[in-house]
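Numbering (the working numbering), first residue to last: 75 to 177. By construction, the Cβ of each residue, glycine as well, lies at the ideal position given by its N, Cα and C atoms. Remember, predicted model here, so these are calculated numbers, not experimental data. Here's the structure, in structure tokens; my notes come after.
What follows is the structure, given as structure tokens:
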């Protein structure tokens with residue numbers, strides 16, 4: 075059941091993003107739209123894998139409860155930061171500067 079809710083949430087976020095940036099999407103050609111969509115999907119999947127497996131690998135090495143509490147937050151912040159920077163660079167190249175930076 076949690077998987078279904080996660081998928082529905084992901085689809086909802088994508089729809090909200092498309093509606094928010096509909097004017098920008100209108101300026102893009104078909105291949106650019108496909109490239110933007112694929113880059114979002116790929117970045118989201120890679121970030122999710124890094125957070126899930128990377129956090130689990132780091133947590134299992136420590137026994138200190140404080141570190142076990144802090145490590146997941148650090149992994150999420152670092153992974154999302156890297157994902158945003160990477161996605162901004164990819165979108166700038168795909169859309170040739172039409173797409174604004176994601177914050």
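Can you list, in chain order, the residues of its chain whose CB lies under 6 Å from that of residue i, leaving out five sequence neighbours each side?
i	result
residue 133	142, 145
residue 99	none
If contacts are defined as beta-carbon pairs under 8 Å, then residue i and residue j qualify, I think. What distance do you get, rounded to the angstrom?
i	j	result
residue 125	residue 150	6 Å
residue 106	residue 169	6 Å
To which residues of the same chain is residue i closer than 7 Å at the C-beta, ignoring the five residues directly before and after it?
i	result
residue 121	153, 154, 157
residue 175	162
residue 109	168
Quick one: what's got a C-beta closer than 8 Å to residue i's C-beta in the same chain, skipping five residues either side?
i	result
residue 136	142, 145
residue 128	149, 153
residue 84	118
Say yes only if the C-beta of residue i is nearer than 7 Å to one or more non-hydrogen atoms of the ligand SAH, and no if none qualify.
i	result
residue 112	The ligand SAH is not part of the structure shown, which contains no ligands of any sort.
**Asked** Should the segment 150–165 be regarded as contacting the segment 106–117, the criterion being three or more beta carbon pairs within less than 8 Å?
**Response** yes
**Request:** Taking 8 Å as the threshold, find out whether the segment 153–161 comes into contact with the segment 88–99 through three or more Cβ pairs.
**Result:** no
**Item:** In chain order, each alpha helix (DSSP H) run of at least 4 residues that lies wholly inside the segment 133–177
**Value:** 139–169
**Request:** Only counting runs of 4 or more residues, tell me where the alpha helix (DSSP H) segments fall wholly within the segment 91–134, in order along the chain.
**Result:** 96–101, 104–123, 129–133
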